[in-house]
Amino acid sequence: MTKIFKSKTKILYFTQNSPIHEIGDYNLILSPMFYWVKKVDLPVKKISAAKKLAESIYEGSLPEGDFAYEVSKAGDEFIIIAYDKEKISNEIAQKFTKNAKVSAVYFAQNEFADLKECCGIDKVSSLVNLDGLIMQVPRLCTESKQEVSDYLKGKKLSNKKISLGSLESSVISKKELYALAAGILFLFSSFVLDWVNYQSATTALDERRSEIISTYKLPQTSIQLNSIKKSLTKTFKTQKKIRDEVYAFNTISLQKGEFIESINASKKETVVIIKVESNAREAKIKSQVSKSVKIKSSEFNDGFLTLRVAS
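Residue 140 in our numbering is what sits at position 135 of the sequence shown, and the numbering runs on without skipping anything.
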């Protein structure tokens with residue numbers, strides 16, 4: 006049976022196209038292909054408070070699944086990652102078989118946070134830092150020859166490991182299973198005893214609720230709540246539109262010799278510069294992009310196509 010989460014070993018950048026490994030110990034850094042990431046401005050200051058809002062930030066923008074959320078600070082803003090534990094666990098289990106072991110799993114967003122320049126992954130894709138968000142794009146680096154494998158040499162990983170409960174439980178031994186069952190039985194007994202004191206605990210929780218409202222200066226009226234909701238909804242729509250635009254550009258079918266020179270996203274507009282081979286290709290690329298987003302303006306000079314999309 007495959008054993009996972011055991012010993013610290015080789016650091017591997019993991020994508021959906023990674024080969025199958027049958028031997029070796031690995032620490033995996035997940036490609037952005039495995040999760041969603043947003044940078045948002047919220048009316049709270051602490052990570053714990055922002056995490057309570059994470060699910061609402063992604064409401065309506067995620068596919069079907071059971072998502073977990075990781076939140077970190079980025080200046081006055083928050084970076085929120087949404088990921089499907091079961092889907093990631095299944096991908097890892099399929100790629101690491103027999104004697105292959107995985108010690109820990111990390112997000113590329115955290116481990117490449119200090120990335121300054123384009124970093125090559127393979128012959129068709131690269132990692133770039135777009136306003137603090139680490140994105141995988143379908144292009145080759147032109148301004149740097151840095152590769153992911155070189156970047157990770159001697160890399161000291163952060164302490165932000167991902168907990169993948171379903172992956173851990175899928176490789177547990179019978180002995181561990183019996184121990185786990187005994188632990189669950191013990192916890193169940195404890196819960197039964199706690200239930201006896203439920204009424205007093207409820208009172209304590211009500212008091213704690215009042216204390217939290219006072220400490221964090223949370224709104225007391227529906228008017229204040231609606232104001233916060235309106236602000237969050239506006240932020241969500243802007244972030245979602247920018248993400249949809251970047252995704253549309255990243256799905257462009259490029260030919261040999263063509264590449265995305267740059268993508269710059271702001272609250273007002275998203276601008277992408279693409280190296281194309283001919284006027285015919287210019288028209289084809291514009292046609293493809295216009296199926297997903299509305300092009301505000303375009304310009305074609307010296308083989309470079311500049312597209313502007315209103316955010």
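Ideal Cβ placement from N, Cα and C applies to all residues, glycine included.
Using three-state DSSP, classify residue i as helix, strand or coil.
| i | result |
| --- | --- |
| Y74 | strand |
| T275 | strand |
| L231 | Per the sequence shown, the amino acid found at residue 231 is Asn instead of Leu. Of the three classes helix, strand and coil, the one that applies to N231 here is helix, per DSSP. |
| L67 | coil |
| G135 | Strictly speaking, residue 135 in this sequence is Leu, with Gly absent from that position. Looking at L135 - three-state DSSP - the assignment turns out to be strand. |
| V251 | helix |
| A270 | strand |
| T102 | strand |
| S53 | helix |
| G188 | helix |
| E60 | helix |
| L312 | strand |
| F117 | coil |
| E216 | helix |
| I97 | helix |
| K291 | helix |
So residue i and residue j are supposed to be a Cβ contact under 8 Å. How far apart are they, rounded?
| i | j | result |
| --- | --- | --- |
| E96 | Q21 | 7 Å |
| A79 | G137 | 5 Å |
| Y40 | I86 | 5 Å |
Within its chain, find whatever has a CB closer than 7 Å to the CB of residue i; leave out the 5 residues flanking it on each side and keep chain order.
| i | result |
| --- | --- |
| Q244 | K43, V45 |
| V314 | E250, E274, T275, V298, K299, I300, K301 |
| V281 | E263, E287, I290, G308, L310 |
| K296 | none |
Taking 7 Å as the line, does the beta carbon of residue i fall inside it for any heavy atom of the ligand GTP?
| i | result |
| --- | --- |
| G137 | Looking for the ligand GTP in the displayed structure turns up nothing, as the structure carries no ligands at all. |
Leaving out five residues before and five after residue i in sequence, what residues of the same chain have Cβ atoms less than 8 Å from its Cβ?
| i | result |
| --- | --- |
| D71 | D89, K90, E91 |
| Q151 | E122, C123, C124, G125 |
Can you check DSSP and say which residues form a bridge with residue i?
| i | result |
| --- | --- |
| K43 | I85 |
| N32 | I16, A109 |
| Q141 | L132 |
| E152 | G125 |
| K160 | Paired residue(s): none; K160 is not in a bridge. |
| N306 | F309 |
| F264 | K280 |
For residue i, count neighbouring C-beta atoms within 10 Å of its own C-beta (all shown protein chains included) and say buried if the count is 16 or more, exposed if not.
| i | result |
| --- | --- |
| P37 | buried |
| G125 | buried |
| F213 | Note on residue identity: the sequence assigns Arg, not Phe, to residue 213. The residue is exposed, with fewer than 16 neighbouring Cβ atoms inside 10 Å. |
| T102 | exposed |
| V107 | buried |
| D307 | exposed |
| F191 | exposed |
| L17 | buried |
| Q114 | buried |
| N104 | exposed |
| L33 | buried |
| T256 | exposed |
Got a sec? Which residues, its chain only, sit under 6 Å from residue i by beta carbon, not counting five neighbours each side?
| i | result |
| --- | --- |
| T220 | none |
| I279 | I265, L310 |
| V277 | F254, I268, L312 |
| V153 | Y18, C124, I126 |
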